[in-house]
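J.: Residue numbers (my numbering), protein chains in the order written: chain F, 114 to 215; chain H, 10 to 413; chain S, 2 to 125; chain C, 21 to 130. Sending over a structure as structure tokens; questions will come in a sec.
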Amino acid sequence: MEINVELLIGTKVCDIDGEDVGRIQELRVKRDEKTCLVEAYLIGAAAVIQRLSAWTLVRPIRGFLSTRRFYSPYQVPWQEMDLSDPQHPRLRIAKRDLRHAK
Amino acid sequence: MKKALEITLGIVTSVGGFLEIGSVTTAVQAGAAFGYHLLWAILLGTVCLIFLVEMSGRFSAVSRHTIVDATRERFGFPFFAIVLVGVVLVFFMVLVAELGGIGLSLQILTGIGFPWWAIPVSFAVWLLMWKGTFGLIENGASILGLVTISFVVAALKLNPDWGAAGHGLLPGLPGDDKAKYGFIAVSILGASISPHLMYFYSSGAIEDEWDKTYIPINRFIAGFGISFGGVLSMAALVTAALAFQPNGVEVDTFEQSALLMTTAFPKWGFFLFAASMLFTCLGAALETSLAIAYFFAQGFGWSWSEDLTPSKNARFCFTYTIIILLAAIPLLVGIDPIKVTLMSMALTAATLPLAVLPFLFLMNDPIYLGEHRNGWVSNTVVGITILISFVLALIAIPLQIIGG
Amino acid sequence: MHLVRDVLDQKLLDREDCEMGRVDGLVMKVGERSQPRITHIQIGGTTPWMRLHPVFARLAAKLARMWGPKRADPVRIPWSRVMTVGRDIKLDVKARETGAIDWEIWIARHIIERIPGGGHEEEG
Amino acid sequence: MDSALSWIGTAGMAGDAWLRQTTPDTYARQTLELSHQNLRQISNDLLESPPLGPDSAYLNTVLARSRRRIARLAALITAKDAPDFARELDLLRADQRIVKRLSDKIESEE
Numbered sequence: 114m115e116i117n118v119e120l121l122i123g124t125k126v127c128d129i130d131g132e133d134v135g136r137i138q139e140l141r142v143k144r145d146e147k148t149c150l151v152e153a154y155l156i157g158a159a160a161v162i163q164r165l166s167a168w169t170l171v172r173p174i175r176g177f178l179s180t181r182r183f184y185s186p187y188q189v190p191w192q193e194m195d196l197s198d199p200q201h202p203r204l205r206i207a208k209r210d211l212r213h214a215k
Numbered sequence: 010m011k012k013a014l015e016i017t018l019g020i021v022t023s024v025g026g027f028l029e030i031g032s033v034t035t036a037v038q039a040g041a042a043f044g045y046h047l048l049w050a051i052l053l054g055t056v057c058l059i060f061l062v063e064m065s066g067r068f069s070a071v072s073r074h075t076i077v078d079a080t081r082e083r084f085g086f087p088f089f090a091i092v093l094v095g096v097v098l099v100f101f102m103v104l105v106a107e108l109g110g111i112g113l114s115l116q117i118l119t120g121i122g123f124p125w126w127a128i129p130v131s132f133a134v135w136l137l138m139w140k141g142t143f144g145l146i147e148n149g150a151s152i153l154g155l156v157t158i159s160f161v162v163a164a165l166k167l168n169p170d171w172g173a174a175g176h177g178l179l180p181g182l183p184g185d186d187k188a189k190y191g192f193i194a195v196s197i198l199g200a201s202i203s204p205h206l207m208y209f210y211s212s213g214a215i216e217d218e219w220d221k222t223y224i225p226i227n228r229f230i231a232g233f234g235i236s237f238g239g240v241l242s243m244a245a246l247v248t249a250a251l252a253f254q255p256n257g258v259e260v261d262t263f264e265q266s267a268l269l270m271t272t273a274f275p276k277w278g279f280f281l282f283a284a285s286m287l288f289t290c291l292g293a294a295l296e297t298s299l300a301i302a303y304f305f306a307q308g309f310g311w312s313w314s315e316d317l318t319p320s321k322n323a324r325f326c327f328t329y330t331i332i333i334l335l336a337a338i339p340l341l342v343g344i345d346p347i348k349v350t351l352m353s354m355a356l357t358a359a360t361l362p363l364a365v366l367p368f369l370f371l372m373n374d375p376i377y378l379g380e381h382r383n384g385w386v387s388n389t390v391v392g393i394t395i396l397i398s399f400v401l402a403l404i405a406i407p408l409q410i411i412g413g
Numbered sequence: 002m003h004l005v006r007d008v009l010d011q012k013l014l015d016r017e018d019c020e021m022g023r024v025d026g027l028v029m030k031v032g033e034r035s036q037p038r039i040t041h042i043q044i045g046g047t048t049p050w051m052r053l054h055p056v057f058a059r060l061a062a063k064l065a066r067m068w069g070p071k072r073a074d075p076v077r078i079p080w081s082r083v084m085t086v087g088r089d090i091k092l093d094v095k096a097r098e099t100g101a102i103d104w105e106i107w108i109a110r111h112i113i114e115r116i117p118g119g120g121h122e123e124e125g
Numbered sequence: 021m022d023s024a025l026s027w028i029g030t031a032g033m034a035g036d037a038w039l040r041q042t043t044p045d046t047y048a049r050q051t052l053e054l055s056h057q058n059l060r061q062i063s064n065d066l067l068e069s070p071p072l073g074p075d076s077a078y079l080n081t082v083l084a085r086s087r088r089r090i091a092r093l094a095a096l097i098t099a100k101d102a103p104d105f106a107r108e109l110d111l112l113r114a115d116q117r118i119v120k121r122l123s124d125k126i127e128s129e130e
């Protein structure tokens, strides 16, 4: 199945129990000679900071962004994302099992 | 040696870029209506513009991308499309105003009404872009624009009250007519912090193939050039205060502005003003049409350069051709260029956040700028400018309705 | 590498450094169990307008079929043609063979070359 | 009221400049005509509200007179009659002072 990445950006993601996780903001990929493989999806407002490469800008107010929960986005490995309905992506795991990106 | 020449030309360019129908009209109106009291608005606008222009140049020199390139790359197509619509609409109105300014200058010189000049003037501007190179436009228009130094001479000849002028550099509220005062203040800021200059300058740095070694030069050009432009604008305000206030004249039309320097230079004043407006509006018309074409070309990834033959960057040249053609229409049907000017300045103020907000992100981007990112001084100024721009955006249109 | 930050909306250059638009869209292939991979870069057509709203995309398609080179489909470049991802994205293709600059050529031939002083797009 | 003064002032400045032969005839004539038109507009607006006292009645008379003077100035440009133009311009200046004094007085009474 083919999915347009640019349209996937900004769509809301639910976890396996239907709980709202956030929006897909960025894709982490690995590129070698001929291919480009998707490794993980970054979810949440903090991923926008990554996307705008604005981390130097938020560094001074990082403390205010209430611990690392806001500052670092959720990172969902490709195995745990179900994209069979591209307009309504779902996680294959629960929100509490998610990891934050470094 | 080459760089020394470039510094001179760069400064001249910023002077040419600063003064145009909008800044002169508002400065003259302000001086005639409120004496020195609005000098602070020009000062504030000049300081903001110095920083924004310095950043545009530094961004291009280091990243080899223009501000428009980066706006699309970082913020994506949807945001870019919003900026495109807002900015191009405003630039188009500015272009109409500048072409109108050329037409009005020719009208007072020849007595032939400006609608008759719409076609020949647009054609001349288009031909200069079609045949000319970036260097010709940049340097030619600005050297001719040096005639505006007569504003400074005029102001000095009329013996201004320096104490009162110094007092005017600090913001204050007038006794009466607050709405008109506010409207002119917003217009001055809209005319000074003109985004087309930033986009033009940032594209110019790419056209002239600047690299990191140009960072000090860029700082110098932005600082001195824009300050010089600001001084010229202030001189126009001071001259207006000294020439028009004693006669009780409040300037509403171009015909009235034309009398600006007849007191200071009894013999040449009228022609100096007409020539100043003719050349600065010509320069600004060229810069604005180029800025629109750059905006489209860079945003959509077309090839662009004012130095190539038109068929090598067909879409770029097609864009400015169409824009100039369209800009002639309102003038042809006789829409008052001064009204367009006032409206375009209020709209510039209203859309300023769209143009200024990306600077905060782009100028702190380690991928584009590495160690040449903004320091805290520049960031503070950008922050303040963004605040000002949001305030302006909120009050510009209401003030246009009450005060204009 | 981050896909949105480093690839999407970046400028595309062909092997001879000719500008051929921007990365308006990226196509990802997703299988039931296999790792998703990026297969194509999309340029022009309805792609960028779809990102605003489907209404704009329909409008763009309609207009594109009426004028110019009369093609509304976006150009697709296989990911395997990507040479470098850096300041810009360099592709191992020839721009005019991909169709990405059809509009540029059409405007050059039908409008610009007919105006005196416009030059010819095929020279040098 | 300020705008009436402004247009009389404009006519005065344009007249001065023409008298020094430093502006094209057409520009000076067009500017005088523009002042004339605007003054007529302003006087019409003033006449719609009835005069409040002897001062404003006198003011209306002087305004009408200045307007006629400006029209005459424009005509004198076409005739290239500089001596008459200078005389008429002096009279306009005198009227301008009267208008200024009257409007200041009316304003302070309000």
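Ideal placement from N, C-alpha and C gives every residue a C-beta, glycine not left out.
Which residues, in chain order, does the stretch 152-175 of chain F contribute to contact with chain S at a C-beta distance below 7 Å?
T.: Hits within the stretch, in order: Q163, R164 and S166.
J.: Give me the DSSP bridge partner(s) of N80 of chain C.
T.: The partner list for N80 of chain C (beta bridge, DSSP) is empty, contrary to what the question assumes.
J.: G26 of chain S touches chain F at which residues, Cβ-Cβ below 9 Å?
T.: N117, V118, E119 and L120, listed in chain order.
J.: Output the boundary residues of the alpha helix (DSSP H) element that contains L66 of chain C.
T.: Segment D45 to E68, the alpha helix (DSSP H) holding L66 of chain C.
J.: Counting only runs of 3+ residues fully inside the stretch 87-125 of chain H, write out the beta strand (DSSP E) ranges in chain order.
T.: For the stretch 87-125 of chain H, not a single whole beta strand (DSSP E) run of length 3 or above is found.
J.: Could you check the C-alpha separation between V24 of chain S and L4 of chain S for me, to the nearest Å?
T.: So the alpha carbons of these two residues sit roughly 11 Å apart.
J.: I'd like to know if the stretch 169-187 of chain H and the stretch 302-320 of chain H are in contact, where contact means that at least 3 CB-CB pairs between them fall below 8 Å.
T.: Verdict: no, contact absent.
J.: Less than 8 Å between CB atoms is the rule here; does W1 of chain S satisfy it with respect to chain F?
T.: Since the first residue of chain S shown is 2 and the last is 125, residue 1 of chain S is not available in this structure.
J.: Is the CB of G125 of chain S under 8 Å away from at least one CB in chain F?
T.: Only weak support exists for where G125 of chain S lies, its pLDDT of 45 falling under 50; the value from the coordinates is given anyway. Output row for G125 of chain S: interface = no.
J.: Going by the beta-carbon positions, is the gap between F327 of chain H and I44 of chain S smaller than 8 Å?
T.: No, the pair does not count as a contact, with Cβ atoms beyond the cut-off.
J.: So what's G73 of chain C in DSSP terms, helix, strand or just coil?
T.: Residue state, collapsed to three classes: coil.
J.: Between which two residues does the beta strand (DSSP E) containing A153 of chain F stretch?
T.: Element bounds for A153 of chain F: C149 to I156.
J.: Please classify G110 of chain H as buried or exposed, where buried requires at least 16 neighbouring CB atoms within 10 angstroms.
T.: The residue in question, G110 of chain H, is buried, as its Cβ has 16 or more Cβ neighbours within 10 Å.
J.: Under the three-state reduction of DSSP, which class applies to Q200 of chain F: helix, strand or coil?
T.: Residue state, collapsed to three classes: coil.
J.: Excluding five sequence neighbours on each side, which residues of the same chain lie with their C-beta closer than 7 Å to the C-beta of D220 of chain H?
T.: These residues qualify, in order along the chain: A70.
J.: Taking Y187 of chain F as part of the beta strand (DSSP E), name the residues at either end of that continuous run.
T.: Looking at the DSSP string, the run of the beta strand (DSSP E) that includes Y187 of chain F is Y187 to P190.
J.: Have a look at L206 of chain H and P173 of chain F and give me their C-alpha separation to the nearest angstrom.
T.: Computed Cα separation, rounded: 31 Å.
J.: Apply the 10 Å Cβ neighbour rule to K95 of chain S and answer buried if 16 or more other Cβ atoms are within range, or exposed otherwise.
T.: So K95 of chain S ends up on the exposed side.
J.: Excluding the 5 residues flanking I235 of chain H on each side, which residues of the same chain have their C-beta closer than 8 Å to its C-beta?
T.: Hits under 8 Å: S23, F27, T55, L58, I59 and V62.
J.: Using the beta-carbon count (16 or more within 10 Å), is D374 of chain H buried or exposed?
T.: With 16 or more other Cβ atoms within 10 Å, it is buried.
J.: Cβ of L9 of chain S less than 8 Å from any chain F Cβ?
T.: True, the Cβ-Cβ gap to chain F drops below 8 Å.
J.: Classify N167 of chain C as buried or exposed, calling it buried when 16 or more other Cβ atoms lie within 10 Å of its own Cβ.
T.: This structure gives no information on residue 167 of chain C, because the portion of chain C shown stretches from 21 to 130.
J.: Quick check on DSSP: helix, strand or coil for P70 of chain S?
T.: Coil, per DSSP.
J.: I'd like the list of long-range same chain contacts for R136 of chain F, defined as Cβ closer than 6 Å, with 5 residues on each side in sequence excluded.
T.: Here the set comprises G123 and K125.
J.: Kindly indicate if chain S contains any beta-carbon less than 8 Å away from that of E147 of chain H.
T.: Taking Cβ atoms only, chain S never reaches closer than 8 Å to E147 of chain H, which makes this a no.
J.: Is it right to say E68 of chain C is buried, meaning 16 or more other beta carbons lie within 10 angstroms of its own, or is it exposed?
T.: E68 of chain C is exposed by the Cβ-count criterion.
J.: On the DSSP letters alone, give me the boundaries of the beta strand (DSSP E) that H41 of chain S sits inside.
T.: That run of the beta strand (DSSP E) goes R38 to I44.
J.: If you reduce the DSSP assignment to three classes, tell me which class D133 of chain F lands in.
T.: Strand.
J.: Nearest to I121 of chain H by CA position, among C:G35, C:G29 and C:Q50, is which residue?
T.: Nearest of C:G35, C:G29 and C:Q50 to I121 of chain H, Cα basis: C:Q50.
J.: Is any beta-carbon of chain H found at less than 8 Å from that of T30 of chain C?
T.: Closer than 8 Å to some Cβ of chain H, the Cβ of T30 of chain C qualifies, so yes.
J.: Can you list, in chain order, the residues of its chain whose CB lies under 7 Å from that of A73 of chain S, leaving out five sequence neighbours each side?
T.: The residues are G46, T47, A62, A65 and R66.
J.: Just checking, does the stretch 72-90 of chain S make contact with the stretch 10-17 of chain S on the three C-beta pairs under 8 Å criterion?
T.: Cβ pair count under 8 Å is three or more, so yes.
J.: Enumerated in chain order, which unbroken segments of the beta strand (DSSP E) with a length of 3 residues or greater are wholly contained in the stretch 345-398 of chain H?
T.: None, since the stretch 345-398 of chain H contains no complete beta strand (DSSP E) of that length.
J.: Rounded to a whole number of angstroms, what is the C-alpha to C-alpha distance between A106 of chain H and L356 of chain H?
T.: Between A106 of chain H and L356 of chain H, the C-alpha separation is close to 13 Å.
J.: Between the stretch 75-87 of chain H and chain S, which residues of the former have CB atoms less than 9 Å from a CB of the latter, in chain order?
T.: Hits within the stretch, in order: D78, R81, E82, R83, F84, G85, F86 and P87.
J.: Measuring straight from C-alpha to C-alpha, what distance separates D133 of chain F and G157 of chain F?
T.: Rounded to whole angstroms, D133 of chain F to G157 of chain F spans 11 Å at the Cα level.
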